[in-house]
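Written out below as structure tokens is the structure these notes cover.
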Amino acid sequence: MEYVYTALLLHKAGKKLAAKAMEDVLTAAGVTPDKGRVKALLAALEGVDIDEALKSAAAMPVAAVATSSGGAAAAAEEKKKEEPEEKEEEFTAGLGSLFG
Numbered sequence: 121m122e123y124v125y126t127a128l129l130l131h132k133a134g135k136k137l138a139a140k141a142m143e144d145v146l147t148a149a150g151v152t153p154d155k156g157r158v159k160a161l162l163a164a165l166e167g168v169d170i171d172e173a174l175k176s177a178a179a180m181p182v183a184a185v186a187t188s189s190g191g192a193a194a195a196a197e198e199k200k201k202e203e204p205e206e207k208e209e210e211f212t213a214g215l216g217s218l219f220g
């Protein structure tokens, strides 16, 4: 992530995204730059409008992630509710077999 943050920092500062600039920022932050990762990120960002990418990322709904988490919680609650009923049925069946 520090490589992406470096690119965003340079972009925000109005600096050109270049390998040397990224390596300097990473070094200043105490990170030993990996030249391969720097080059790969620069290649991936070539032709990308970073401002537009940030706007579209900010416009993405966050609620969709929360909804999926809520579904898992609801499923867990249902499972918890089902377990006591099964035990109750087993208990009733056990008593019925004593008298049946």
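For what it's worth, the working numbering labels the leading residue of the sequence shown as 121, then goes sequentially.
Backbone N, C-alpha and C fix where the C-beta goes; we use that ideal spot for every residue, glycine too.
Looking from the CA of Val145, the closest CA among Ala160, Ala164, Val124 belongs to Val124.
Ala178 sits in a helix when the DSSP states are folded into three classes. Closest by C-alpha distance to Lys136, out of Lys155, Ile170, Thr147, is Ile170. Taking C-alpha positions only, Ala160 is separated from Ala179 by approximately 27 Å.
In this structure Met142 touches Thr126 by the C-beta definition: roughly 5 Å separates them, less than 8 Å. The DSSP assignment places no complete beta strand (DSSP E) segment of no fewer than 3 residues inside the region 135 to 179.
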